[in-house]
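Before any comments, here is the structure.
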RNA sequence: GGUCUCGUGGCCGAGUGGCUUAGGCGGUGGUCUGCAAAACCAUUUACAGCGGUUCGAAUCCGCUCGAGACCUCCA
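Shown next, in the form of structure tokens:
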């Protein structure tokens, strides 16, 4: 566990040497999905980004407690339904219990995450299961004098907080600017200032998601759940908090304010934010109506898609860009990723069959160093992948007998690919064959041996018929030096 | 309007003062092959514009143009 890892901290806007508060233990909290709709490509970005970070920290030997919440209450609608809970609205429209909607979309989210080979977090708390903790935290903030009650709701007093603290420490915003620019929204008369935010919200009569509290029957404010649950499971001061860049303000800024008000200390040492995925240069988002769901990617059923893309192709595509850069979606880019991935896996198959020689013509240990350097530089997965492709070139050259490798280096190279490709990047070969395909294997090897016999007799007509007919069944025949092989096409 | 970020070759996408021709895809040439496909090897093009700092800038500073994010639920 060498301490060379650097992480870009949004708080300082710089790369900082990563020093855990209580090594080797690391606490990491990431804002998870609001489960009122299918996960789209945008949801895959933070999931995969922080999965990569979780995997790498674990690989380095740290003991990571990774908490990723599920938001199933809170988050007000921005439109005329002010005060109504997003999930409750959806539930009413479809005559379902709110928790039924939550369960349905949570299950679908988990399925998508499995498909993307995203590991489960250590703890996945739900906001609805932590109402008491949230109420207790609101009480602490009230006691500290940084909140006020108004008509059954409780609001955070940003102006008062900002006198002794810095509301804007994370986002770089100044409260004076916010005063000048906050929009006039309905229902803000309860607030002292328009930029104050709700800690507890009184429920309207028709509002069906509600809990009792000292102030009213209602529900917790927009940002409370993350503060309450991160504190509960990771403590008042923990290592890493992650999420999408769009959550930076006001969500994360307000989380800091709440925690500082309640616990008198900065809650998080390193803030990490992943950038957005764009479509035609514009953010892909639910509210923009340009989001393509993950299921649509996997099945190809969307007019924007020229074909289906496998979950691992999507994962590879996302990892080919650095997490702090925007990444632009296009069919061309995804198809490139698909081909690159195939090249990578083809080389890994070859790696198993390589034969060691007396000495190496390439510096394998240096390659390994470069891979670690890339990941240690703020989890630079695109550089890592570039280095792995250098490894691919070496593997292919050895296979073609243009280069050689020593037995020791061969073991290092195998471990290198196993560690970085499978354990850290979390890629995996697609499940193309199952148990039932033993029969197919047998049949095809018989057919191919007959074809080989025909070829030996220079009976190319017969050989081509076999190839063509199998081709019609979407089975591709490839003649290689080691003999014919087959694979099921796309 | 305010705050912030970005503008790299046909496409995607790294790189933040000199060394790295990043890498992938595509294109081109080649190897292999009965032919084909696949695979492999080699190769090609860049740093939005203008000005400044510097011995030296894609990289730092300023301006111009363009794009995006946040300011309202959002990954």
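Residue numbers (the numbering used here): 1484 to 1973.
Positions of the beta carbon are idealized from the N, C-alpha and C atoms, including for glycine.
Values in this document were obtained by computation on a predicted structure and should not be read as measured data.
Local conformation of residue 1614 per DSSP, three classes: By one-based count along the first chain, residue 1614 stands at place 131. Residue 1614 falls in the helix class under three-state DSSP.
Within 10 angstroms of the Cβ of residue 1846, are there 16 or more other Cβ atoms? Answer buried if so, exposed if not. Locating residue 1846 in the first chain gives position 363, where the first residue counts as 1. Under this definition residue 1846 is an exposed residue.
Measuring CB to CB, does residue 1724 end up less than 8 Å from residue 1751? What you label residue 1724 is simply residue 241 of the first chain in a count that begins at 1. What you label residue 1751 is simply residue 268 of the first chain in a count that begins at 1. Cβ atoms of residue 1724 and residue 1751: closer than 8 Å.
Hey, out of 1696, 1888 and 1803, whose CA is closest to residue 1834's CA? Here the question's residue 1834 lines up with position 351 in the first chain. For residue 1834, the nearest C-alpha among the options comes from 1888.
Counterpart residues of residue 1505 in DSSP-defined beta bridges: Residue mapping note: residue 1505 aligns to position 22 of the first chain, counting from 1. Answer is 1508.
Quick one, which of 1522, 1556 and 1682 has its alpha-carbon nearest residue 1594's? On the first chain, residue 1594 is found 111 positions in, with the first residue counted as 1. Answer by Cα proximity: 1522.
At what residues does the alpha helix (DSSP H) containing residue 1541 begin and finish? Translated into the one-based positions of the first chain, residue 1541 becomes position 58. Unbroken alpha helix (DSSP H) run through residue 1541: 1524-1542.
If you drop the 5 nearest sequence neighbours on each side, which residues of the same chain put their C-beta closer than 8 Å to that of residue 1913? Taking the first residue of the first chain as position 1, residue 1913 is located at position 430. Around residue 1913: 1793 and 1795.
Can the beta-carbon of residue 1837 be found less than 8 Å from the beta-carbon of residue 1801? Within the first chain, the letter at position 354 stands for residue 1837. Within the first chain, the letter at position 318 stands for residue 1801. Against a cut-off of 8 Å, the Cβ pair of residue 1801 and residue 1837 comes out as no contact.
What are the complete alpha helix (DSSP H) segments, minimum 4 residues, inside the region 1618-1667? 1641-1647 and 1658-1664
Express the C-alpha separation of residue 1490 and residue 1503 in angstroms, rounding to a whole number. Mapped onto the first chain, residue 1503 falls at position 20. Mapped onto the first chain, residue 1490 falls at position 7. C-alpha separation (whole angstroms): 11 Å.
If I'm right that residue 1553 touches residue 1609 with Cβ under 8 Å, what's the distance once you round it to whole angstroms? The sequence position of residue 1553 within the first chain is 70, counting from 1. The sequence position of residue 1609 within the first chain is 126, counting from 1. Confirmed, about 5 Å.
For the alpha helix (DSSP H) containing residue 1925, name the first residue and the last one. Looking up residue 1925 in the first chain gives position 442. From DSSP, the alpha helix (DSSP H) with residue 1925 extends over 1921-1939.
Using the C-alpha atoms, what's the distance from residue 1783 back to residue 1764? Against the first chain, residue 1764 aligns to sequence position 281. Against the first chain, residue 1783 aligns to sequence position 300. When rounded, the distance between both Cα atoms is 21 Å.
Outcome for residue 1538 when other beta-carbon atoms lying within 10 angstroms are tallied against a minimum of 16: By 1-based counting over the first chain, the position of residue 1538 is 55. Under this definition residue 1538 is a buried residue.
Could you say if the region 1860-1868 and the region 1891-1899 meet the contact criterion of at least three C-beta pairs nearer than 8 Å? no
Pull up the distance between the alpha-carbon of residue 1643 and that of residue 1629, whole angstroms please. Position 160 of the first chain holds residue 1643. Position 146 of the first chain holds residue 1629. Roughly 7 Å separates the two Cα atoms.
In terms of residue numbering, what span does the alpha helix (DSSP H) encompassing residue 1581 cover? Here residue 1581 is taken as the residue at index 98 of the first chain, counted from 1. Residue 1581 -> alpha helix (DSSP H) spans 1581-1598.
Boundaries of the alpha helix (DSSP H) in which residue 1740 is found, first to last residue: To locate residue 1740, count along the first chain from 1; it is residue 257. Unbroken alpha helix (DSSP H) run through residue 1740: 1736-1746.
Three-state secondary structure (DSSP) at residue 1889? Numbered from 1 along the first chain, position 406 holds the residue referred to as residue 1889. Residue state, collapsed to three classes: strand.
Beta-carbon proximity list for residue 1955, same chain, < 8 Å, skipping 5 on both sides: On the first chain, position 472 is the one that residue 1955 refers to. The answer is none, since no qualifying residue turns up.
Of the listed residues 1601, 1579 and 1729, nearest to residue 1770 (C-alpha basis): Reading the first chain from its first residue, position 287 is the one you call residue 1770. Measuring from the Cα of residue 1770, the nearest candidate turns out to be 1729.
Quick one: residues in its chain with C-beta nearer than 6 Å to the C-beta of residue 1501, no 5 flanking neighbours on either side, listed in chain order? As a position in the first chain, residue 1501 is number 18, starting the count at 1. 1488 and 1490.
Going along the chain, which unbroken runs of the beta strand (DSSP E) with 3 or more residues stay wholly within the region 1692-1729? 1701-1703 and 1721-1727
Of all the options 1686, 1873, 1937 and 1949, which has the alpha carbon lying nearest to the alpha carbon of residue 1927? The residue labelled residue 1927 in the question sits at position 444 within the first chain. Minimum Cα distance to residue 1927 is reached at 1949.
Starting from residue 1796, trace the alpha helix (DSSP H) both ways and give me its first and last residue. Locating residue 1796 in the first chain gives position 313, counting from the first residue. Residues 1794-1802.
Selected residue, minimal CA-CA separation from residue 1739, among 1688, 1641, 1812 and 1806: The count along the first chain starts at 1 and reaches residue 1739 at position 256. Selected option, being the one with the closest Cα: 1641.
List the endpoints of the continuous alpha helix (DSSP H) containing residue 1943. Taking the first chain and counting its residues from 1, the one referred to as residue 1943 is at position 460. Where residue 1943 is concerned, the enclosing alpha helix (DSSP H) stretches over 1943-1955.
Cβ neighbour criterion (16 or more within 10 Å) applied to residue 1741: Start at 1 with the first residue of the first chain, and residue 1741 comes out as number 258. With 16 or more Cβ atoms within 10 Å of its Cβ, residue 1741 is classed as buried.
With a 10 Å radius around its C-beta and 16 neighbouring C-beta atoms as the bar for buried, classify residue 1942 as buried or exposed. For the purposes of this step, residue 1942 is taken as the residue at position 459 of the first chain. The residue in question, residue 1942, is exposed, as its Cβ has fewer than 16 Cβ neighbours within 10 Å.
Can you tell me which of the three DSSP states residue 1778 falls into? In the first chain, counting from the first residue as 1, residue 1778 sits at position 295. Residue 1778: helix per DSSP, three-state reduction.
Does the Cβ-Cβ distance between residue 1746 and residue 1762 come in under 8 Å? Mapped onto the first chain, residue 1746 falls at position 263. Mapped onto the first chain, residue 1762 falls at position 279. Going by C-beta atoms, residue 1746 is not nearer than 8 Å to residue 1762.
Where residue 1669 and residue 1677 are concerned, what is the direct C-alpha to C-alpha distance, given to the nearest angstrom? One-based indexing of the first chain puts residue 1669 at position 186. One-based indexing of the first chain puts residue 1677 at position 194. Low confidence applies to residue 1669: its pLDDT is 47, below 50, so where it sits in the model is not reliable enough to give any reading.
For residue 1877, tell me which candidate among 1806, 1891, 1695 and 1850 has the shortest Cα-Cα distance. The sequence position of residue 1877 within the first chain is 394, counting from 1. Nearest option by C-alpha distance: 1850.
Residue 1910 and residue 1799 closer than 8 Å at C-beta: Along the first chain, one-based indexing puts residue 1910 at 427. Along the first chain, one-based indexing puts residue 1799 at 316. For residue 1910 and residue 1799, yes; Cβs fall inside 8 Å.
On the three-state DSSP scale, how would you describe residue 1760? For the purposes of this step, residue 1760 is taken as residue 277 along the first chain, with counting starting at 1. Residue 1760 falls in the strand class under three-state DSSP.
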